[in-house]
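S.K.:
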Amino acid sequence: MKVDHTGRFAMVRHTLLEVPQGRVLDVSCGAGTLWLTLDNDPRDIVLAPGQAFRVEPNRRVLVYAMEDSVLEVRASRPPVPAARGWRLPRPAGGWLRSAAPA
3 MKVDHTGRFA MVRHTLLEVP QGRVLDVSCG AGTLWLTLDN DPRDIVLAPG
53 QAFRVEPNRR VLVYAMEDSV LEVRASRPPV PAARGWRLPR PAGGWLRSAA
103 PA
C-alpha cells in the first residue's frame, strides 16, 4: 500500500507501506516495531516506540510492521536558529569617553 499524505497509520503485523516522496519527512514509530528500507541504502533501520528517522526528498522508503504498529509521518520542520543572547551595542568610535580630566 502507498501512503500519499502525512498522519498516523495503524499497521497490522506483516504489512508494508510506501512513504511518499518529494519532500523531507520525519517518520516515527508510535507503537510496535517498524523496519525501514531505503532504496540504494545498505542500512536496516528499525524503529521502536518514540524513535524517528528523517527521510530526505526523493528517497523511496518502504516501512514493514514487524508487529502491530503505529507509523507516524510528518512534514519535517526546518531547524530553528539558535537564540542569541541580549547584548549591549559596542561603543562606536570614541563617543564613550572617560569623565575624568586628562
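Residue numbering for the sequence shown follows this note's numbering, starting at 3 and increasing by one per position. All C-beta atoms in this analysis are idealised placements derived from N, C-alpha and C, irrespective of residue type, glycine included. All of these numbers come straight from a predicted model, not from anything done at the bench.
(1) How do the region 8-15 and the region 42-54 stand: do at least 3 beta-carbon pairs fall below 8 Å, yes or no?
(2) Any idea what DSSP makes of Arg-76, helix, strand or coil?
(3) Considering just the uninterrupted stretch of the beta strand (DSSP E) at Asp-46, what are its terminal residues?
(4) Considering only the alpha carbon of each residue, which of Thr-39, Gly-32 and Asp-28 lies closest to Arg-62?
(5) Quick one: grab the DSSP three-state call for Thr-39.
(6) Provide the residue span of the beta strand (DSSP E) that contains Met-13, from first to last.
(7) Return the bridge partner residues of Ala-29 from the DSSP annotation.
M.R.: Here's the rundown:
(1) No: the two stretches stay apart, fewer than three of their Cβ pairs being nearer than 8 Å.
(2) Working through the sequence shown from its first residue, we reach residue 76 at position 74. Arg-76 falls in the strand class under three-state DSSP.
(3) Taking the first residue of the sequence shown as 1, we reach residue 46 at position 44. In the DSSP assignment, Asp-46 falls outside any beta strand (DSSP E), carrying neither H nor E.
(4) Here residue 62 refers to the residue found at position 60 of the sequence shown. By alpha-carbon distance to Arg-62, the top candidate from Thr-39, Gly-32 and Asp-28 is Thr-39.
(5) One-based indexing of the sequence shown puts residue 39 at position 37. It is a strand residue.
(6) The count along the sequence shown starts at 1 and reaches residue 13 at position 11. Where Met-13 is concerned, the enclosing beta strand (DSSP E) starts and stops at 9-13.
(7) Here the question's residue 29 lines up with position 27 in the sequence shown. Note that residue 29 corresponds to Val in the displayed sequence, not to Ala. DSSP, once it has assigned bridges, lists Phe-55 and Val-75 as partnering Val-29.
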